[in-house]
Amino acid sequence: MDSYAEDIRNQSARNVMKLSLLGFLTPRIRLLEMNRYQGNDGPPKVICVVGMGGLGKTALSRKIFESEEDIRKNFPCNAWITVSQSFHRIELLKDMIRQFLGPFSGSILQELQGKVVVQVHHLSEYLIEELKEKRYFVVLDDLWILHDWNWINEIAFPKNNKKGSRIVITTRNVDLAEKCATASLVYHLDFLQMNDAITLLLRKTNKNHEDMESNKNMQKMVERIVNKCGRLPLAILTIGAVLATKQVSEWEKFYEHLPSELEINPSLEALRRMVTLGYNHLPSHLKPCFLYLSIFPEDFEIKRNRLVGRWIAEGFVRPKVGMTTKDVGESYFNELINRSMIQRSRVGIAGKIKTCRIHDIIRDITVSISRQENFVLLPMGDGSDLVQENTRHIAFHGSMSCKTGLDWSIIRSLAIFGDRPKSLAHAVCPDQLRMLRVLDLEDVTFLITQKDFDRIALLCHLKYLSIGYLSSIYSLPRSIGKLQGLQTLNMPSTYIAALPSEISKLQCLHTLRCIRKFVSDNFSLNHPMKCITNTICLPKVFTPLVSRDDRANKLLNCTWPPKVAGINHSV
């Protein structure tokens, strides 16, 4: 890895270690137990410490590595090797030889240097021979891909070593950890407890709990900052270092401008670098999928099905032989989870992840990357938005407006969260949004009317359409049959009693969720609405929150199930 990136990583680890690994007592005890030598020889044990960047994996492992009583005393040969995203194989092996063998390594390295060309196998043969009868302890810090582990394991460690050696791996990749070590030897490092996170921030800012308790405004800001940092040690330490140079009265202003500070403040470079390293190492097919997360608001719980459905509609999911597109999309989702780029939130009974979140600080930096690459436009309402010619995705968070002059005809996806954007009233019409592929109105707080939906149904290139619970839609227009590319139609709360025959023309439709609103005293479970995907969507039971027109009132009293011409229902 380049020296600059290594400096950033080492600085981050030192920051955590300076504060005595606050909140890491339990992880330290557990890792020492995993690594402790108790006289039982055998093949080397592989222990993995896994978690997202900034949690303190390196600092914690360094503390274990430097333990005189538990490690140095029982393992005569030890080495700390930083692997990271890119490494030079010959230099890595030389480094192992120097650390494992100490002063005795000089002569052999000098001898090898005398060869015309030093080959990997020369170093490998010597290292394996020297380690064959020794008990060693090695940390492979910042391992990214399984291929690198397989190579190092094959080329550096003797197969017949039965001395009870230990190999510790730190990684962000859960899948890699589970393939390198048995389940009982994988340690998942978690975020700090809230009290520890607050104490860490106070120490870094040279404050204490008494200062906080005597100043209610400071207490409020400390809690907000810790929540913003998501109890991530690196984020707390980095931001705390900046706050230490400011008066407490200035903290709120800094907090409000934190997203822009993350882009320009040199003191926050470690945080930017942490996220950028993870992003740069993603395979090409996952990069747009990750940047796409910047569309969602801060601290938003993102449904797996919603995210995967949007990825598919955007064309981010590449087909694979023997797999459905949805299966491939879900494998992308799982890979981002395994790489610790996003965090699981809610898990279903069967163990399948239903929702995920993205860490607030990581989201802020992801938004910055998205803007730099003109990937997503997020109007801020302050006139600062730069509308580029190649902007394809736009998301409104609340009633923000963006600069006039945006060419809506090139927009591929539009998402609205909260109130109706001020600049959207006259801009959104079929002629201007002729290239729109994704329209996500699932979390709006304004009413979607039948007239709105009739216009939406004219967007002939739509592949993904989601309408939220605030709607007064009582029929699907016949023009819906012209949306030949439509894959997902999600309408969880409508007055629709019958689907038009034209819906049978939608050959690409794989997900239809169309649930009817009910007045509770008219409700019956005897006739649930049946969808065309061989599943049952049970209607929600509640009194509508919006007023209905006469036509909607009549439709509410229609018989069930709704008649859909041209569609065969099966349960």
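For the numbering used here, count along the sequence shown from 1 and bump the result up by 644.
Glycine included, each C-beta is placed from N, C-alpha and C at the ideal position.
Owing to the predicted nature of the structure, the values given are computational and were not obtained by experimental measurement.
How close, in whole Å, do the beta carbons of residue i and residue j come, if the pair is a contact with beta carbons under 8 Å?
i	j	result
R1255	P963	Residue 1255 is absent from the model: the chain starts at 645 and stops at 1215.
C1152	G1129	6 Å
Y1108	R954	6 Å
L1234	L878	Look at the range of the chain in this structure, 645 to 1215, and you will see that residue 1234 is not part of it.
L881	L844	7 Å
D785	T849	D785 to T849, Cβ: 29 Å. No contact.
V866	M856	6 Å
Just reading off the alpha helix (DSSP H) that residue i is part of, what are its end residues?
i	result
C1152	Element bounds for C1152: n/a, residue is neither H nor E.
L669	L669 to N679
N915	At residue 915 the sequence reads Leu, which differs from the Asn that was named. Looking at the DSSP string, the run of the alpha helix (DSSP H) that includes L915 is E913 to N924.
M740	R733 to L745
V965	No alpha helix (DSSP H) holds V965; DSSP gives it neither H nor E.
Q1128	From DSSP, Q1128 is part of no alpha helix (DSSP H); its letter is neither H nor E.
Give the single residue among the options whose Cα lies nearest to the Cα of residue i.
i	options	result
N1219	I842, V694 and E777	Residue numbering for the chain in the displayed model covers 645 to 1215; residue 1219 lies beyond these limits and cannot be assessed.
I956	F977, M838 and E945	F977
M1135	S1145, L1150 and Y1118	Y1118
N722	R706, H732, R733 and V870	R706
K897	N861, N679 and H925	N861
G1112	R1099, S1137 and Q1094	S1137
V961	R680, F940, P927 and I939	P927
Q837	V919, D1075, P671 and T1132	P671
K807	I741, D1096 and F719	F719
D1098	L1120, E735, L1080 and S728	L1120
G589	L1091, Q1076 and R1078	No answer is possible for residue 589: the residues shown for the chain start at 645 and end at 1215.
Q1094	L1080, S1115 and D714	S1115
T969	H1154, C692 and V783	H1154
K823	I1140, V693, S1110 and T999	V693
I1009	F934, E1086, G746 and K996	F934
G884	I939, K864, E907 and A841	A841
S728	R1081, H791, P1144 and P932	H791
L737	R716, P910, A800 and Q754	A800
V690	W793, R1036 and K947	W793
G874	R847, T815, V830 and D943	D943
K872	G667, F835, N859 and V892	F835
L1103	R1015, T999, S1053 and K803	S1053
L980	P941, L1021 and Y923	Y923
I772	L887, R1064, I741 and I1002	I741
R1160	R1036, G992 and Y1139	Y1139
L1083	R674, K947 and L1106	L1106
Exposed or buried, what is residue i when buried is set at 16 or more other beta-carbons lying within 10 Å of its beta-carbon?
i	result
I1013	buried
E974	buried
E958	buried
E710	exposed
I1060	buried
N1034	exposed
M1173	With a pLDDT of only 38 at M1173, under 50, the local geometry of the prediction cannot be trusted, and no value is derived from it.
V965	exposed
A994	exposed
G695	buried
A825	buried
A827	exposed
I1005	buried
T889	exposed
N852	exposed
K701	buried
E735	exposed
V952	buried
E854	exposed
H901	exposed
R1122	exposed
I939	buried
R988	exposed
Q763	exposed
E945	exposed
Looking at the secondary structure, which residues open and close the beta strand (DSSP E) in which residue i lies?
i	result
K689	K689 to V694
D1051	No beta strand (DSSP E) contains D1051, which DSSP labels as neither H nor E.
Y1118	Neither: Y1118 is in no beta strand (DSSP E) and is coded neither H nor E.
T849	Segment: none, T849 is in no beta strand (DSSP E) and carries neither H nor E.
L1143	Note, L1143: premise wrong, no beta strand (DSSP E); not H, not E.
S1057	S1057 to G1062
T726	C721 to T726
D943	No beta strand (DSSP E) contains D943, which DSSP labels as neither H nor E.
L1085	V1082 to V1088
L1109	Y1108 to I1111
H832	V830 to H832
Which runs of the alpha helix (DSSP H) fall wholly inside the stretch 857-904 and span at least 4 residues, in chain order?
-> 860-873, 877-887 and 892-900
Runs of beta strand (DSSP E) lying entirely within the stretch 749-821, each at least 3 residues, in chain order = 780-787 and 810-815
4 or more residues per run - each alpha helix (DSSP H) lying fully within the stretch 967-1038 = 969-982 and 1004-1016
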